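K.L.:
Would you mind keeping the following structure in view while I ask a few things?
In the UniProt record's numbering, the protein residues as written are 1 to 326.
Okay, structure coming up:
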């Protein structure tokens, strides 16, 4: 039997820009660390802009703080300003800011984002600022990149974005291959032969499988279903119908998916059974990278190593969710 456990962290003030920093939670706008044991550490550093999201590099050295439905972001190194980051204005107020960190086997860290065009993924060297993938010959396909996620072994990048009219899509990229030949970033590997199969849900299960989901009708995957895609073998398998509403899966581990559409819940990906849920916790109604129509989208951040999810449920409260096996 599996149940969800909730722990609450009360804060004096925060702006929504939370991310995991090891086993603590960081508010990047004022460089405040919240420990799961109730400890708080702050420096007094405050960014005077309405940033509401942040991410951290694998080693914790770099943090990117940004405004989710805008163009502006700031790179920090060890809590100090490094430089300003921007994305194109085109539909920036419509969908999630695309951003992720990648650290190569050689130890070089990049920010993956779209600094030049909304449809052009690029890798920016954190230290030098060089956009190493911005070469001649790039011909990006017309896709709004968003909700970037790296595989557990950091070898693949998944994009959960959209195309006109609008249609949610997921695409996969071999990172090292793209760094060697950046034109590969212009033609991502879509999930099936049908390049623009409707997919609004995607999350890595492990180093070779992703969990796919559709909440709208599609020829290949019925609505309210989840499927496991082995992207190495190129095969979709184990399609299941979920025994409840879902739409915002933020992480998968040990065969259990975390979903935060409307409220926290955990789903057995082999059977589709909702194992537990907390309907009294409002987690927003996000089901896509397109967010402009929603009144409130709380920050929801997943820690794969701890298998915990932190949610900014109010201006002075962060809730942390974990799974208890009985």
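Just so it is clear, CB atoms sit at the ideal spot from N, CA and C, and this is done for glycine as well.
Small disclaimer: the values here were computed from a predicted structure and weren't measured.
Give every residue of the same chain whose Cβ lies closer than 6 Å to the Cβ of residue 312, excluding the five residues on either side of it in the sequence, and list them in chain order.
P.N.:
16, 18, 298, 299, 318, listed in sequence order.
K.L.:
Please report the straight-line C-alpha distance between residue 6 and residue 178, rounded to a whole angstrom.
P.N.:
Going from the Cα of residue 6 to the Cα of residue 178 covers about 40 Å.
K.L.:
Return the CA-CA distance between residue 180 and residue 156, expressed in angstroms with no decimal places.
P.N.:
Approximately 14 Å between the Cα atoms of the pair.
K.L.:
Count the other CB atoms, across all protein chains shown, that sit within 10 Å of the CB of residue 206; report buried if there are 16 or more and exposed otherwise.
P.N.:
It is exposed - the Cβ of residue 206 has fewer than 16 other Cβ atoms within 10 Å.
K.L.:
What's the gap between the Cα of residue 228 and the Cα of residue 239?
P.N.:
If you take the alpha carbons of residue 228 and residue 239, they lie about 7 Å apart.
K.L.:
Does the beta-carbon of residue 158 have 16 or more other beta-carbons within 10 angstroms, so that it is buried, or is it exposed?
P.N.:
Buried, since its Cβ has 16 or more Cβ neighbours within 10 Å.
K.L.:
Look up residue 124 in the DSSP assignment and give the residues it is bridged to.
P.N.:
According to DSSP, residue 124 bridges with 111, 131.
K.L.:
What residue from 272, 249, 79, 140 has the CA that sits closest to residue 121's CA?
P.N.:
Ranking 272, 249, 79, 140 by Cα distance to residue 121 puts 140 first.
K.L.:
Less than 7 Å between the beta carbons of residue 162 and residue 322, yes or no?
P.N.:
Against a cut-off of 7 Å, the Cβ pair of residue 322 and residue 162 comes out as no contact.
K.L.:
Leaving aside the five residues before and after residue 123 along the sequence, list all residues of the same chain whose C-beta is less than 6 Å from its C-beta, in chain order.
P.N.:
So the list reads 110, 112, 132, 133, once near-sequence residues are dropped.
K.L.:
Please go through the same chain and pick out, in chain order, the residues whose beta-carbon is closer than 7 Å to the beta-carbon of residue 8, but skip the five residues on each side of it.
P.N.:
The answer, listed in chain order, is 317, 319.
K.L.:
Counting along the chain, where does the alpha helix (DSSP H) carrying residue 177 start and finish?
P.N.:
Note, residue 177: alpha helix (DSSP H), 175 to 180.
K.L.:
Just to confirm the assignment: which complete beta strand (DSSP E) runs, minimum length 3, are found wholly within the segment 234 to 304?
P.N.:
If we require 3 residues or more, the beta strand (DSSP E) runs fully inside the segment 234 to 304 come out as 235 to 241, 249 to 253, 256 to 259, 265 to 268, 274 to 277, 300 to 303.
K.L.:
Could you name the residues that DSSP lists as bridge partners for residue 62?
P.N.:
Bridge partners of residue 62: 77.
K.L.:
Is it true that the CB of residue 107 sits closer than 7 Å to the CB of residue 65?
P.N.:
Against a cut-off of 7 Å, the Cβ pair of residue 107 and residue 65 comes out as no contact.
K.L.:
Reducing DSSP to helix, strand and coil, say where residue 186 ends up.
P.N.:
Helix.
K.L.:
Going by CA-CA distance only, name the one from 208, 250, 54 that's closest to residue 234.
P.N.:
Nearest of 208, 250, 54 to residue 234, Cα basis: 208.
K.L.:
Comparing alpha-carbon positions, which option in 62, 89, 294 lies nearest residue 76?
P.N.:
Among 62, 89, 294, the Cα nearest to that of residue 76 is on 62.
K.L.:
Does the beta-carbon distance from residue 236 to residue 199 come in below 7 Å?
P.N.:
Contact: no.
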